Amino acid sequence: MVSTSRTAHSIEVTAEGLQEELARLQIQKQALERELAAVVAHLGSVQRALGALASVIGAPADEAPEDEDIAPATSRPDHDEDAHKQYGRLTEQIMKYFTEVGDVDVRARDVAAALDRDTDSASINAVRSTLDRLVASSRVQRAGRGLYRAGRS
0 MVSTSRTAHS IEVTAEGLQE ELARLQIQKQ ALERELAAVV AHLGSVQRAL GALASVIGAP
60 ADEAPEDEDI APATSRPDHD EDAHKQYGRL TEQIMKYFTE VGDVDVRARD VAAALDRDTD
120 SASINAVRST LDRLVASSRV QRAGRGLYRA GRS
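Following the numbering used here, the numbering of the sequence shown begins with 0 at its first residue and continues without gaps.
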């Protein structure tokens, strides 16, 4: 017969393991939520860019291709608005960072660290994606492979 203390110990070990798993899953959930917010923001900006290009070309904006598997951005206004606010705030934070550091080459990871967004790869990738969009809009320059510099005014 198994002793009561051995059974109690086994239950304690199982409970500790489950607590550790719960903490890990909560961190993973937060990282995925941040990554989803960045993807939703990027999706919105791509849709707006396609609409602008369609109007320049002369095609109606509703002819712009849309992924059928993704619900339109207007279907979840509260979530999309929050993601857009986060996206805009990140862009503003990055531009403020570049005005503070001046004419210096920096890596995306350094920018993420300065903004306290280097906790996981999803956050760093969100900073990297935003930097790439800022390069495309000529607000930031690419100074070399993986290096960014404030755009010339």
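No residue lacks a Cβ here, since even glycine has one placed at the ideal position from N, Cα and C.
Keep in mind it's a predicted model, so treat the numbers as computed, not measured.
Residues sharing a beta bridge with residue i, DSSP
| i | result |
| --- | --- |
| Tyr-147 | Val-105, Arg-141 |
Contacts around residue i, its chain only, beta-carbon distance under 7 Å, and the 5 residues preceding and following it disregarded
| i | result |
| --- | --- |
| Ser-122 | Arg-33, Ala-111, Arg-116 |
| Gly-150 | Ser-137, Arg-138, Val-139, Gln-140 |
| Tyr-96 | Val-110, Ala-113, Leu-114 |
C-alpha gap between residue i and residue j, whole angstroms
| i | j | result |
| --- | --- | --- |
| Tyr-147 | Ala-113 | 14 Å |
| Leu-89 | Ala-7 | 49 Å |
| Glu-91 | Arg-47 | 19 Å |
| Asp-104 | Gly-143 | 8 Å |
| Pro-76 | Thr-129 | In this prediction, Pro-76 has a pLDDT of 45, which is less than 50 and means its spatial position is unreliable; what the coordinates show is noted afterwards. Cα-Cα distance, rounded: 22 Å. |
| Val-38 | Leu-17 | 31 Å |
| Ser-2 | Arg-23 | 32 Å |
| Asp-102 | Ser-44 | 28 Å |
| Asn-124 | Leu-49 | 23 Å |
| Ile-26 | Glu-11 | 23 Å |
| Glu-19 | Thr-13 | 10 Å |
| Arg-5 | Leu-21 | 24 Å |
| Ala-51 | Thr-98 | 29 Å |
| Asp-131 | Val-100 | 18 Å |
| Ala-135 | Lys-28 | 31 Å |
| Ala-40 | Ser-9 | 47 Å |
Cβ separation of residue i and residue j, assumed to be a contact under 8 Å, to the nearest whole Å
| i | j | result |
| --- | --- | --- |
| Gly-57 | Arg-106 | Actually they are not in contact, since the Cβ atoms of Gly-57 and Arg-106 sit about 41 Å apart, beyond 8 Å. |
| Asp-119 | Ala-36 | Going by Cβ atoms, the distance from Asp-119 to Ala-36 rounds to 13 Å, so no, they are not a contact pair. |
| Ile-93 | Leu-133 | 7 Å |
Contacting residues, own chain, Cβ-Cβ under 6 Å from residue i (five flanking each side not counted)
| i | result |
| --- | --- |
| Val-126 | Ala-107, Val-110, Ala-111, Arg-116 |
8 Å Cβ cutoff, residue i in contact with chain B
| i | result |
| --- | --- |
| Gly-43 | Here chain B cannot be found, since the structure has a single protein chain. |
heavy atom of the ligand GTP below 7 Å from residue i C-beta
| i | result |
| --- | --- |
| Leu-130 | Summarising the ligand content, the structure contains no ligands, and the ligand GTP is consequently not present. |
Close Cβ partners of residue i (< 8 Å) along its chain, the five nearest in sequence each way excluded
| i | result |
| --- | --- |
| Ser-15 | Per the sequence shown, the amino acid found at residue 15 is Glu instead of Ser. Once the five neighbours on either side are set aside, Glu-15 has no close Cβ partner at all. |
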